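Structure record follows, encoded as structure tokens.
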Ligand SMILES: Cc1ncc(COP(=O)(O)O)c(C=O)c1O
Ligand SMILES: Cc1ncc(COP(=O)(O)O)c(C=O)c1O
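As structure tokens, then:
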């Protein structure tokens, strides 16, 4: 069933037990919505010496958006902002691939389970919701960290 | 040629030598335009004891609108407002007939030459321009005459 | 409630059903609340306009221009006949959204006979689609007018218990939906119309979800304005309708300015033509207006009363079936009373998007999310719903596939 | 000026030419300035959308909704490619008229980054179509801004001798046509664009008469906004385009409010999505956008440069021929310099309406009257003109019939 390529086991696991989901209390906080379905995410972040040292998110959304946010958190926490952004670029490319890419597991780890999403154009923005919130927050955090130097 | 049913001799005669065209100076004056082609008419009118005693018009327009205004002036001058309005009704019906009516010559006189216009829907409003200006002016004149009684 | 449509014959008139969906499934289209499918006669009416009559209306004295004008004016009088109103009262817009915005701009213009100012009140309801909400929010912001609204109740009806405090002497406009596009509920507008008129306010009906599905007679309802979208009523995309009472339209300022809506123009000033032209600036959506008229004719040939009754029969079967699926909760009206053929539901613990995705694998097209009625969704305490909406081309087997796919969606996520 | 189009092959792509006009005459369509005819590929693109992909875009997760979104987004990027701009900069409207009104409303909204207030100046020209005049008049009236304009000269060019007093520090917006729809003249906009930008004003180009007929690259022109109509560019009725620079669009308030243009909504407040969605409230004119993309593709396949050159060749023959008919006066540019394929003329002592009527008997479709540019017509000192406008499907024999019919019109009224 085509559906199973979308809803892989890994995704449902993250959906049922999302990582780093909690009450975002950090100073840098962003709120993103997906206006077409109403899904929302709030994400807070800390960057110290260019490294993402804290990330907590909360939100309502479908399994894809929840799992993707969970996977993203795992991937970027502890990494430098630059490294995280290059993962984001690779993930964005995968999402835009319309099923043509499988994704580099060394870089994307669990996120390659989301490769199937790229075949369902209406769901791509679900998968990207958390990542875009992260990007927005990281730029803010990075800027304010640099300013403090 | 279909065209000759539109541009009858009588019409071209009125077009070249329009009756009652001049400088409208009466107290009751109206200005009508045909917004789609820019044709304009100014018409002034006097009603005494319910009788149309004076009518002068001026304007720019195609042969149909000029001839129709000329013919209309001949028809209504000296008639009672009521009689003029019943001629107008008959003329309006003729214009709306899409070529199905020939017109009652006893009532419409020269105006039956305009019967062919009804086959050219885009020209019907040309033929009606002067008549509508007359109607508007006559209602105003009639009201003000009644008020003075 | 006895009528049964010949759905097989109807379906055959809609070419889209000739294709199959994912994995050779037949299309079970249950999203007519968003947009309807088009019968061949509509698609061909639009094409034929281009084939035989294409020219700018009311702007040329040649044969094609005559034909175009005749087709366009004819479409206008067809729409007028459909609603039982005068031709001059029908304004072709691009959508119901535009229709409603035209009204909000007109009432915000101090040169309009009827307009709102600081402290004046505009009354809506919590059932409204964004298209009948945000234009009024913006009008309120521009003018200093105040927005008030009737609350929605859990069964999809409106709470009118406080009607006399909601509609007061300060009220100038009341704008309410004829049927909720989320819940299918038909609010009790009669007392609201009376209350509005009693204080001299005008009543605007958002008829997007009613005009395509049941007989609607603006004059009998006693309303002042009505808006609906062509694309939900078998018509083409890109055309909507605004109906208004003649004497009101003639006192209103237009929203769009340009060609064909004028009486006279200089470099610094312009005066307007009468309605409906005043509100139709530019070369109009001629082919779409002609297509819409063909769509409305199709609806008339089946009969609006018959369509409404048939949709209720489909709704009954769906409500009964959904109620038997554990973990499914139907939102809004639970019975056939005061409702149309729209059903929103949620499955415990599942997100509507995921539900819709599984249903798609069965060829079932439903809509998920907030349905452009976000305040109502919040009020219902959910993050979104899955919505099935019926139309004249749906049959009982469509309902069966709906139920099957809902069960499958639940199980798909439960089992794993 | 060497290129010759294969007009016979092109004509065969346009079904309307298969019919005959009054008295078995072939159609000599010379009113493309008002609206163009449609090739089969456009009509079919629109129909095919309904046959295979009809669903509300961006609102459902089912297959048809995916196809609809893909078709609509694809049309957007096709239009963007055609103009050489970014996809997010293309807004689908119902017409150029709507496009221009969107701008005027945005600049009238104090919440827009760029807006006008009392004493600010808006600069136009005497060549403007009502659609690029009245929205600005109304903006001026709403905000207390002042309208100024460049004068038109007899040859259809603009008098720029006073440019430094017309465009001053107070100027906020300059809105000018790329080509006169009455005279065919192409005003010298380059110095106007520079002058506008030098004082920080934005430049709006009404490209209704240029985009369908010649290569137009907004980025090369250095303008800020551009509007054109689909129906004049082989596209369906009911669709237009507004192009604007991304950074400008993102600072602008929308005109229409409703579904799909929002980010978040409560009963009293709403925030907007980014451009282009922000400016496309409601279910959009999907089939028409798709049809327009097909129309632009057709134009590209023939080549815009080729089309422009061919129209000039037709224009040359027409100008030469008309000049030889006694009593005919050609208005505007008398040569091929700085012009497109639009010619206005008058016949001494005859009204344009009567001229057009006789020409119609020859199967010739021309437009007569003020062409929605009444101030220009007054300036020219006539009550109206007869206008012939050429397009890619016209050939030299069309010009010959034009000349024959003009002569006949003159004689018809002379002889009697
Ligand atoms: C120069 C110009 N601007 C604007 C318009 C308005 O276009 P539309 O009526 O398609 O909105 C036209 C055509 O009518 C035009 O020729
Ligand atoms: C109740 C209601 N009002 C308004 C609208 C807006 O219609 P459109 O998007 O066609 O303008 C819709 C549909 O989207 C609707 O269901």
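Residue numbers (our numbering), protein chains in the order written: chain A, 102 to 250; chain B, 102 to 250; chain C, 626 to 1041; chain D, 626 to 1041.
Even glycine gets a Cβ: it sits at the ideal position worked out from N, Cα and C.
As the structure is a computational prediction, the values presented were derived from the model and not from experiment.
With respect to 7 angstroms, is the separation between the Cβ of residue 998 (chain D) and the closest non-hydrogen atom of ligand 3 below this value?
For the structure depicted, ligand 3 is absent and the ligand set comprises only ligand 1 and ligand 2.
Tell me whether residue 905 (chain C) sits in a helix, a strand or coil according to DSSP, three-state version.
On the third chain, position 280 is the one that residue 905 (chain C) refers to. Residue 905 (chain C): coil per DSSP, three-state reduction.
Close-in-space but distant-in-sequence residues of the same chain around residue 675 (chain D) (CB under 8 angstroms, 5 per side omitted)
Here the question's residue 675 (chain D) lines up with position 50 in the fourth chain. Correct list, in chain order: 912.
Could you tell me whether any Cβ in chain D is nearer than 8 angstroms to the Cβ of residue 864 (chain C)?
Looking up residue 864 (chain C) in the third chain gives position 239. Any Cβ of chain D closer than 8 angstroms to the Cβ of residue 864 (chain C) would place that residue at the interface, and such an atom is present.
Between residue 995 (chain D) and ligand 1, is there a pair consisting of the residue's CB and a ligand heavy atom that are separated by less than 7 angstroms?
Here residue 995 (chain D) refers to the residue found at position 370 of the fourth chain. Answer for residue 995 (chain D): no, Cβ out of range of ligand 1.
Coil, strand or helix - residue 973 (chain C) by DSSP
Position 348 of the third chain, counting from 1, holds the residue named residue 973 (chain C). Residue 973 (chain C) falls in the coil class under three-state DSSP.
Spell out the partners DSSP gives residue 777 (chain D) in its beta bridges.
As a first step, residue 777 (chain D) is located in the fourth chain; it is residue number 152 there, counting from the start. Residue 777 (chain D) is bridged to D:783.
Let's see if you can read the secondary structure: which residues bound the beta strand (DSSP E) around residue 746 (chain D)?
Working through the fourth chain from its first residue, we reach residue 746 (chain D) at position 121. Per DSSP, residue 746 (chain D) belongs to the beta strand (DSSP E) from 746-750.
Using DSSP with H/G/I as helix, E/B as strand and the rest coil, what is residue 200 (chain A)?
Counting from one through the first chain, the residue named residue 200 (chain A) turns up at place 99. Secondary structure of residue 200 (chain A) (DSSP, three-state): coil.
Look at residue 719 (chain D) and residue 863 (chain C) and say whether their C-beta atoms are less than 8 angstroms apart.
For this step, residue 719 (chain D) is matched to residue 94 along the fourth chain. For this step, residue 863 (chain C) is matched to residue 238 along the third chain. Yes, the pair counts as a contact, with Cβ atoms nearer than the cut-off.
When you compare the CB positions of residue 768 (chain D) and residue 741 (chain D), do they come within less than 8 angstroms of one another, or not?
As a working note, residue 768 (chain D) is residue 143 in the fourth chain. As a working note, residue 741 (chain D) is residue 116 in the fourth chain. Yes, the Cβ-Cβ distance between residue 768 (chain D) and residue 741 (chain D) is below 8 angstroms.
Whole-angstrom C-beta distance between residue 818 (chain C) and residue 788 (chain C), which should lie under 8 angstroms:
One-based indexing of the third chain puts residue 788 (chain C) at position 163. One-based indexing of the third chain puts residue 818 (chain C) at position 193. The beta carbons of residue 788 (chain C) and residue 818 (chain C) sit about 11 angstroms from each other, so the pair does not count as a contact at 8 angstroms.
Okay, do the stretch 913-922 of chain C and the stretch 889-896 of chain C touch, 3+ Cβ pairs below 8 angstroms being the bar?
No, the stretch 913-922 of chain C does not touch the stretch 889-896 of chain C.
Would you list, in chain order, the members of the stretch 150-178 of chain B that have their beta-carbon closer than 9 angstroms to a beta-carbon of chain D?
Taking 9 angstroms as the Cβ-Cβ cut-off against chain D, the residues of the stretch 150-178 of chain B that qualify are 161, 162, 163, 164, 165, 166, 167.
Do residue 694 (chain D) and residue 222 (chain A) have their CB atoms nearer than 8 angstroms?
For the purposes of this step, residue 694 (chain D) is taken as the residue at position 69 of the fourth chain. For the purposes of this step, residue 222 (chain A) is taken as the residue at position 121 of the first chain. A contact, by the Cβ cut-off of 8 angstroms.
Classify residue 136 (chain B): buried if its beta carbon has 16 or more other beta carbons within 10 angstroms, exposed otherwise.
By one-based count along the second chain, residue 136 (chain B) stands at place 35. Under the 10 Å beta carbon count, residue 136 (chain B) is surrounded by 16 or more other beta carbons and is classified as buried.
Tell me, please, whether the CB atom of residue 740 (chain D) is closer than 8 angstroms to any CB atom in chain C?
Locating residue 740 (chain D) in the fourth chain gives position 115, counting from the first residue. No, no contact with chain C.
In chain C, which residues lie with their C-beta within 9 angstroms of the C-beta of residue 104 (chain A)?
Along the first chain, read from residue 1 onward, the residue named residue 104 (chain A) stands at position 3. The contacting residues are 982, 983, 985, 986, 1037.
Which chain C residues sit within Cβ distance under 7 angstroms of residue 992 (chain D)?
Position 367 of the fourth chain, counting from 1, holds the residue named residue 992 (chain D). 684, 685, listed in chain order.
Residue 910 (chain D) touches chain C at which residues, Cβ-Cβ below 7 angstroms?
Along the fourth chain, read from residue 1 onward, the residue named residue 910 (chain D) stands at position 285. The contacting residues are 719, 862, 863.
Among residues of its own chain, excluding the 5 on either side of residue 208 (chain A), which ones have a beta-carbon nearer than 7 angstroms to its beta-carbon?
Counting from one through the first chain, the residue named residue 208 (chain A) turns up at place 107. Only 188, 191 meet the Cβ criterion.
Reference residue 123 (chain A), options A:116, A:117, A:157, closest by Cα:
On the first chain, position 22 is the one that residue 123 (chain A) refers to. Checking every option, the nearest Cα to that of residue 123 (chain A) belongs to A:157.
Three or more C-beta pairs under 8 angstroms: does that hold for the stretch 949-967 of chain D against the stretch 653-667 of chain C?
With a cut-off of 8 angstroms on Cβ pairs, the stretch 949-967 of chain D is not in contact with the stretch 653-667 of chain C, counting fewer than three such pairs.
Of the residues D:754, D:756, D:794, D:748, which one's Cα is nearest the Cα of residue 785 (chain D)?
Residue numbering aside, residue 785 (chain D) sits at position 160 when the fourth chain is read from its first letter. Of the candidates D:754, D:756, D:794, D:748, D:748 places its Cα closest to the Cα of residue 785 (chain D).
At a threshold of 7 angstroms, does residue 722 (chain D) count as lining ligand 1 (C-beta to nearest heavy atom)?
Locating residue 722 (chain D) in the fourth chain gives position 97, where the first residue counts as 1. Checking the Cβ of residue 722 (chain D) against ligand 1 gives yes.
Interface residues of chain A facing residue 978 (chain C) [CB-CB closer than 7 angstroms]
As a first step, residue 978 (chain C) must be located in the third chain, where it is residue number 353. 138, 163, 227, listed in chain order.
Run the proximity test for residue 831 (chain D): is its beta-carbon closer than 7 angstroms to any non-hydrogen atom belonging to ligand 1?
Here the question's residue 831 (chain D) lines up with position 206 in the fourth chain. Indeed, a heavy atom of ligand 1 lies less than 7 angstroms from the Cβ.
Which chain A residues are close to residue 691 (chain D), counting only those with a beta carbon under 8 angstroms from its beta carbon?
In the fourth chain, counting from the first residue as 1, residue 691 (chain D) sits at position 66. Simply 221, 222, 223.
Please report the residue range of the alpha helix (DSSP H) in which residue 1035 (chain D) lies.
As a first step, residue 1035 (chain D) must be located in the fourth chain, where it is residue number 410. Where residue 1035 (chain D) is concerned, the enclosing alpha helix (DSSP H) stretches over 1021-1040.
State yes or no: is the C-beta of residue 865 (chain D) within less than 8 angstroms of the C-beta of residue 686 (chain D)?
Residue 865 (chain D) sits at position 240 when you count from the first residue of the fourth chain. Residue 686 (chain D) sits at position 61 when you count from the first residue of the fourth chain. No; because the gap between Cβ atoms is not below 8 angstroms, this pair is not in contact.
According to DSSP, simplified to helix, strand and coil, what is residue 895 (chain D)?
For the purposes of this step, residue 895 (chain D) is identified with residue 270 of the fourth chain, where counting begins at 1. DSSP places residue 895 (chain D) within a strand segment (E or B) once states are collapsed to three.
Is residue 119 (chain B) helix, strand or coil when you go by DSSP?
Translated into the one-based positions of the second chain, residue 119 (chain B) becomes position 18. Look at residue 119 (chain B) here: in three-state DSSP terms it is coil, with no helix or strand label.
Alpha carbon to alpha carbon, what distance is there between residue 959 (chain C) and residue 951 (chain C)?
For this step, residue 951 (chain C) is matched to residue 326 along the third chain. For this step, residue 959 (chain C) is matched to residue 334 along the third chain. Using only the alpha carbons, I get a separation of about 16 angstroms.
Check: residue 980 (chain D) C-beta below 7 angstroms from any heavy atom of ligand 2:
As a first step, residue 980 (chain D) is located in the fourth chain; it is residue number 355 there, counting from the start. No, the beta carbon of residue 980 (chain D) sits no closer than 7 angstroms to any heavy atom of ligand 2.
Examine chain D for any beta-carbon lying closer than 8 angstroms to the beta-carbon of residue 887 (chain C), and answer yes or no.
By one-based count along the third chain, residue 887 (chain C) stands at place 262. Yes - at least one Cβ of chain D is within 8 angstroms of the one on residue 887 (chain C).
Show which residues of chain C have a CB atom less than 8 angstroms away from the CB atom of residue 134 (chain B).
Start at 1 with the first residue of the second chain, and residue 134 (chain B) comes out as number 33. Listed by position along chain C, the residues whose Cβ is nearer than 8 angstroms to that of residue 134 (chain B) are 888, 889.
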